[in-house]
Ligand SMILES: [Zn+2]
């Protein structure tokens, strides 16, 4: 390895660019599955609303059937009471049977009122089901296309990451081992930002003033220079005067 410091510096800048991209890719690769999960949770929520509505309808239908069989039982009871009538001997017995029949009629009528009430509620509940079902289908379709899009994005990110890692491997192999080690060390201690611009005489990593001699060296760009404060590598990039913030 006998590349000039100038070339090494260019490789350091390239390396930083790649590491920024790699970090961005890793962040997205971690985020995308979470985004897919959140989308699926929304869909599950909608499906749950539908299943609860259906369960309520089932319960009401069961209740209605229960009332119907109760009515059937009362009607049987009434028919049995009426069969006793021809054998009645006294007025008192007759009145007793009639009042029993009346009581049963009252019970049946109450039960039928209750059934009617349930039927009305059922009708209301059944009316909203198609709307919820349509909504669920739409949500499902939109989730499926969202997921397909995210899966494609994920696959693309993985592919890009692989190619970035290969490029990084190539560049890091060209750097002098000692400089590469220094880079890794600085990156580790500075949240991944090991190579920064010098602007004016200010390090853009820690925003401290750099010594004039170092500033000159950085501007010349023929040596590898590090900020004495944050130890990041420094480079100079010519920018048009107007674009330089004061
Ligand atoms: Zn600095």
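In my numbering, the protein residues as written are 945 to 1190. Glycine included, C-beta positions come from ideal geometry on N, C-alpha and C. Fair warning: this is a prediction, and the values are worked out from it, not measured in the lab.
Residue nearest to residue i in terms of C-alpha spacing, selected from the options
i: residue 1096; options: 1135, 1069, 977; result: 977
i: residue 1048; options: 1086, 1009, 993, 1020; result: 1020
i: residue 944; options: 1052, 1029, 1078, 1062; result: Nothing about residue 944 can be read from this structure; the chain reaches only from 945 to 1190.
i: residue 1027; options: 1034, 1035, 1149, 1045; result: 1045
i: residue 1068; options: 1004, 1155, 1043, 1082; result: 1004
i: residue 1157; options: 1039, 1150, 1144; result: 1144
i: residue 1103; options: 969, 975, 952; result: 969
i: residue 1130; options: 1170, 1155, 1105, 1148; result: 1170
i: residue 1087; options: 1174, 1167, 980; result: 980
i: residue 1183; options: 1050, 1168, 1163; result: 1163
i: residue 995; options: 947, 1079, 1173; result: 1079
i: residue 1147; options: 1174, 985, 1128; result: 1174
i: residue 1092; options: 948, 984, 952, 974; result: 984
i: residue 1161; options: 999, 1151, 1181; result: 1181
i: residue 1128; options: 948, 1176, 999, 1101; result: 1176
i: residue 1050; options: 1022, 1099, 1070; result: 1022
i: residue 1150; options: 1024, 1168, 1132, 1172; result: 1172
i: residue 1081; options: 989, 1117, 1040; result: 989
i: residue 1168; options: 1124, 1153, 1105; result: 1124
i: residue 1070; options: 999, 1152, 1117; result: 999
i: residue 1203; options: 1029, 1030, 1038, 1056; result: Only positions 945 to 1190 of the chain appear in the structure, and residue 1203 is not among them; the question remains open.
i: residue 1074; options: 1117, 952, 1034, 991; result: 991
i: residue 947; options: 1140, 1117, 1153, 1132; result: 1117
i: residue 1094; options: 952, 975, 1043; result: 975
i: residue 1201; options: 1153, 1152, 1122; result: No information on residue 1201 is available, as it lies outside the stretch 945 to 1190 that the chain covers here.
i: residue 1007; options: 1058, 1024, 1040, 1039; result: 1058
i: residue 1024; options: 1064, 1140, 1041, 1152; result: 1041
Whole-number beta carbon distance between residue j and residue i, since they are thought to touch under 8 Å
i: residue 987; j: residue 1084; result: 6 Å
i: residue 971; j: residue 1165; result: About 32 Å; that fails the 8 Å criterion.
i: residue 1179; j: residue 1142; result: 7 Å
i: residue 1119; j: residue 955; result: 5 Å
i: residue 1072; j: residue 982; result: That pair is no contact at about 26 Å.
i: residue 1001; j: residue 1066; result: 6 Å
i: residue 993; j: residue 1076; result: 6 Å
i: residue 1159; j: residue 958; result: About 23 Å separates the two Cβ atoms, so there is no contact after all.
i: residue 973; j: residue 1155; result: Not confirmed; about 41 Å, so no contact.
Counterpart residues of residue i in DSSP-defined beta bridges
i: residue 1142; result: 1147, 1180
i: residue 1170; result: 1177
i: residue 1153; result: 1146
(request) List in chain order the residues whose CB is within less than 6 Å of at least one heavy atom of ligand 1. (result) 1147, 1149, 1150, 1152, 1171, 1173, 1174, 1176
(request) For the region 1107-1126 and the region 1001-1017, state whether three or more C-beta atom pairs, one from each stretch, are separated by less than 8 Å. (result) no
(message) Any contact between the region 951-964 and the region 1122-1138? By contact I mean 3 or more CB pairs, one from each, below 8 Å.
(response) yes
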